[in-house]
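What follows is a short report on a single structure.
Numbering (the working numbering), first residue to last: 298 to 727.
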């Protein structure tokens, strides 16, 4: 998942765990050993506002973006020795504002997302997609967000076919909703943003992840006069229109459940949220059909809740966690700092040579079946377009026919009139 704008992150490279954080208008980093932070901190950059986004590539290199106070989006690459810097884009901070930059790596491609607004029009924000492909940066507009100061962070993830999905909160003329847009990696185009929730009072703070062919989504809503956590899912293989058809309230009644996040670890889906100074969570081992509550985590004295990203290419579904620091870093879901990688990645990067032959054949047949279904769907859409085009063409011909007849009649009458006038001129010899 492309991690949304955060102020703290744990990032696992091939040989080390790093802790990156915002501190007093600068970005710093420390190494982590069995949950213990190193005493000495290194500085990535100074004079930057809080917040950044990061991801790790297949080589174990860290890619990071942040903003500068002077109006730049900065891109950093870290291979273990030094942070190489590049200015991605510049803007005039007295006229424009940028929010929530997100970076996401997909193979050799680098994808960056952010919202940009004009300070003289504080309501409308434009959602941009920058991406590095074939040795150059390209720019696309995804859509507009019309929430002004009420705009919340957005999140990005990609499916097994390499297509990118983004969700965010927005408002039409009548109500708030959670919106979705998808980027077709094959054709390089974005779909039009569409609401995936309907009839909600005021959904907020959406978070999601894609596991297998399912998009799992959580958000805040209002239920019985309390802020609750609501969950819904979309089957990407079956749903042509991305709409949550059925949702359920996950948090217990009678409490305010704030800022939910979702992860996948230990073969389970985890939803984690806050209530006061406590961390609540529920997990599901049947892809979100049923949920069970876990013990509430009460923070020790002299500690505070931390909201940070966890990035490890071998654990692609454990992305955002709540936790606290008390000598060591503790989190929900729990993270193994020994990094034994007991959780197997279930995405398309599994090596076929490490799997049983029967499983390989099943995976191939499943992939072929999915592609055949996609081709059939596109074929049906194309046939429907052709039918509609043929119908419209016939309607045009039907409309043209009486016009052509009228034109011929006018020509005939005009020629007849000109012939009579010519005879009269000849008779008068003028």
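C-beta atoms are modelled at their ideal positions from N, C-alpha and C, and glycine is treated no differently.
Please return the same chain residues whose Cβ sits closer than 8 Å to the Cβ of residue i, not counting the five positions on each side in sequence.
| i | result |
| --- | --- |
| residue 615 | 560, 561, 562, 607, 609, 630, 632, 640 |
| residue 602 | 571, 574, 576, 596, 619, 620, 621 |
| residue 412 | 395, 396, 397, 422, 423, 424, 425, 442, 448, 451 |
| residue 384 | 369, 370, 371, 372 |
| residue 337 | 327 |
| residue 402 | 352, 353, 354, 360, 408 |
Smallest Cα separation from residue i: which of the options?
| i | options | result |
| --- | --- | --- |
| residue 312 | 353, 325, 340 | 353 |
| residue 554 | 536, 535, 525 | 525 |
| residue 446 | 439, 430, 466, 304 | 466 |
| residue 430 | 409, 582, 405 | 405 |
| residue 485 | 550, 408, 539, 534 | 408 |
| residue 302 | 604, 627, 585 | 604 |
| residue 321 | 333, 330, 310, 344 | 344 |
| residue 593 | 586, 569, 613 | 569 |
| residue 544 | 587, 523, 538 | 587 |
| residue 357 | 719, 692, 611, 725 | 611 |
| residue 533 | 340, 552, 454 | 454 |
| residue 552 | 521, 584, 718 | 521 |
| residue 537 | 718, 529, 348, 491 | 491 |
| residue 340 | 711, 694, 379, 564 | 379 |
| residue 529 | 613, 463, 584, 716 | 584 |
| residue 310 | 720, 387, 704, 613 | 613 |
Can you tell me which residues form a DSSP beta bridge with residue i?
| i | result |
| --- | --- |
| residue 448 | Answer by DSSP bridge pairing: none, since residue 448 is not bridged. |
| residue 323 | 343 |
| residue 623 | 625 |
| residue 440 | 424 |
| residue 328 | 315 |
| residue 491 | 477 |
| residue 399 | 410 |
| residue 711 | DSSP, once it has assigned bridges, lists no residue as partnering residue 711. |
| residue 392 | Beta-bridge pairing links residue 392 to no other residue. |
| residue 508 | 511 |
| residue 455 | 461 |
| residue 554 | Beta-bridge pairing links residue 554 to no other residue. |
Apart from the five residues on each side of it in sequence, which residues of its chain come closer than 6 Å, Cβ to Cβ, to residue i?
| i | result |
| --- | --- |
| residue 482 | 459, 460 |
| residue 488 | 478, 479 |
| residue 628 | 618, 620 |
| residue 760 | This structure leaves residue 760 out entirely; the chain is present only between 298 and 727. |
| residue 335 | 327, 328 |
| residue 342 | 324 |
| residue 546 | 520, 525, 527 |
Could you tell me the distance, in whole angstroms, from the CA atom of residue i to the CA atom of residue j?
| i | j | result |
| --- | --- | --- |
| residue 548 | residue 519 | 11 Å |
| residue 364 | residue 697 | 59 Å |
| residue 578 | residue 690 | 58 Å |
| residue 479 | residue 702 | 49 Å |
| residue 509 | residue 433 | 31 Å |
| residue 531 | residue 623 | 38 Å |
| residue 496 | residue 361 | 38 Å |
| residue 439 | residue 699 | 45 Å |
| residue 376 | residue 470 | 48 Å |
| residue 535 | residue 355 | 30 Å |
| residue 567 | residue 456 | 19 Å |
| residue 590 | residue 503 | 21 Å |
| residue 507 | residue 599 | 36 Å |
| residue 523 | residue 557 | 14 Å |
| residue 709 | residue 683 | 38 Å |
| residue 581 | residue 527 | 14 Å |
| residue 435 | residue 427 | 6 Å |
| residue 694 | residue 711 | 25 Å |
| residue 706 | residue 539 | 55 Å |
| residue 420 | residue 468 | 11 Å |
| residue 400 | residue 410 | 6 Å |
| residue 725 | residue 718 | 11 Å |
| residue 292 | residue 462 | In the structure as shown, the chain begins at 298 and stops at 727. Residue 292 is therefore absent and cannot be evaluated. |
| residue 306 | residue 688 | 57 Å |
| residue 437 | residue 505 | 23 Å |
Which residues in the same chain have their Cβ closer than 7 Å to the Cβ of residue i, if we skip the five residues on either side of it in sequence?
| i | result |
| --- | --- |
| residue 308 | 315, 317, 351, 353, 359, 608 |
| residue 494 | 474, 475, 500, 541 |
| residue 366 | 344, 345, 346 |
| residue 625 | 332, 333 |
| residue 304 | 318, 319, 347, 348 |
| residue 330 | none |
| residue 660 | Unreliable placement is indicated for residue 660, whose pLDDT of 47 sits below 50; no coordinate value is reported for it. |
Using beta carbons (cut-off 9 Å, strictly below), is residue i in contact with chain C?
| i | result |
| --- | --- |
| residue 326 | Considering every chain present, this structure includes no chain C. It has just one protein chain. |
Just to check, is the beta-carbon of residue i closer than 8 Å to a non-hydrogen atom of the ligand FAD?
| i | result |
| --- | --- |
| residue 575 | With respect to small molecules bound, the structure shown includes none, and the ligand FAD cannot be examined in it. |
* **Inter-stretch contact (C-beta, 8 Å, three-pair minimum) for the segment 457-476 and the segment 501-518** => In the pairwise beta carbon analysis, the segment 457-476 is classified as touching the segment 501-518: at least three pairs are separated by under 8 Å.
* Quick one: any contact between the segment 385-394 and the segment 412-430, if contact means 3 or more CB pairs under 8 Å? -> Three or more pairs of CB atoms, one per stretch, sit closer than 8 Å, so the segment 385-394 contacts the segment 412-430.
* Is the segment 303-317 close to the segment 326-344, with three or more CB pairs under 8 Å? -> Cβ pair count under 8 Å is three or more, so yes.
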